[in-house]
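Working notes for the structure below.
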Amino acid sequence: MATENKNLSEYDKNTIPNAKDFRFGIVVSEWNDTITEGLYNGAFDALTDCDVPAQQIIRWNVPGSFELIYGAKKMLQTQKVDAVIVIGCVIQGETKHFDFVCEGVTQGIKDLNVQTDIPVIFCVLTDNNMQQSIDRSGGAHGNKGTEAAIAAIKMAYIRQQASISHAFNQPLLTSGALQIEDSPRKIENE
75 MATENKNLSE YDKNTIPNAK DFRFGIVVSE WNDTITEGLY NGAFDALTDC
125 DVPAQQIIRW NVPGSFELIY GAKKMLQTQK VDAVIVIGCV IQGETKHFDF
175 VCEGVTQGIK DLNVQTDIPV IFCVLTDNNM QQSIDRSGGA HGNKGTEAAI
225 AAIKMAYIRQ QASISHAFNQ PLLTSGALQI EDSPRKIENE
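Letter 79 of the sequence shown, counting from 1, is numbered 153 in my numbering, and no numbers are missing.
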């Protein structure tokens, strides 16, 4: 497994852009709520640890993971957010329902990222059993919610920098600072 030897909660604050002025939306599935609450707590704690004021984090609940798409779409349409995190948990059962839900949610969130200018971060666990979900929502492998929050900050920053670059029609430095040319101006009639 990809997360088997990785703690999802580890991040270096020195490599994360300043997030104090960003607003984040978090849409949380109520299905498998012991897992989704753990994921939400990881995301919320990481955002506030990175200086996002609590009042700049908006939470909406939806019944299940499939409804995350609609919840995220409405949040994008009605709230002034810089990124949205969708949190859910789908655990393999005995029917194909798992496959349909996972595929639909994945494609729906991908579509929102293609259709809108605000990043939507995928934090939906699709595990084979409850123990795997527990391990990734604050357990042995850390918290996927934390990882999603850090991704949301980075994507909000990329969106912001792209807007600045487009507005000034100037390339950006990798540090995020605007690149300004120092060229002497000729003053006529001198």
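All residues carry an ideal CB built from backbone N, CA and C; glycine is no exception.
- Confirm the yes/no value for this check: CB of residue 213, any heavy atom of the ligand MN, distance under 7 Å. The ligand MN is not among the ligands present in this structure, which contains no ligands whatsoever.
- Message: Between 155, 116 and 129, which has its C-alpha nearest residue 191's C-alpha?
- Response: Sequence index remark: in the sequence shown, residue 191 carries index 117 (1-based). Relative to the Cα of residue 191, the nearest Cα in the group 155, 116 and 129 belongs to 155.
- Going by CA-CA distance only, name the one from 218, 233, 159 and 144 that's closest to residue 131. Position 57 of the sequence shown, counted from the start, is the residue given in the question as residue 131. If you compare the alpha carbons of 218, 233, 159 and 144 with that of residue 131, the shortest gap goes to 159.
- Item | Where residue 237 falls, given that 16 or more other Cβ within 10 Å makes a residue buried | The count along the sequence shown starts at 1 and reaches residue 237 at position 163. Residue 237 is exposed by the Cβ-count criterion.
- Item | Where residue 215 falls, given that 16 or more other Cβ within 10 Å makes a residue buried | For the purposes of this step, residue 215 is taken as residue 141 along the sequence shown, with counting starting at 1. Buried is the call here.
- Task: Could you check what DSSP says for residue 172 in three-state terms: helix, strand or coil?
- Result: Along the sequence shown, one-based indexing puts residue 172 at 98. Residue state, collapsed to three classes: helix.
- Query: Is there contact here, the region 191–208 with the region 156–175, by at least three beta-carbon pairs under 8 Å?
  - Reply: Output reads yes: the region 156–175 touches the region 191–208.
- Residue(s) in a DSSP beta bridge with residue 199: Taking the sequence shown and counting its residues from 1, one reaches residue 199 at position 125. Answer is 163, bridged to residue 199.
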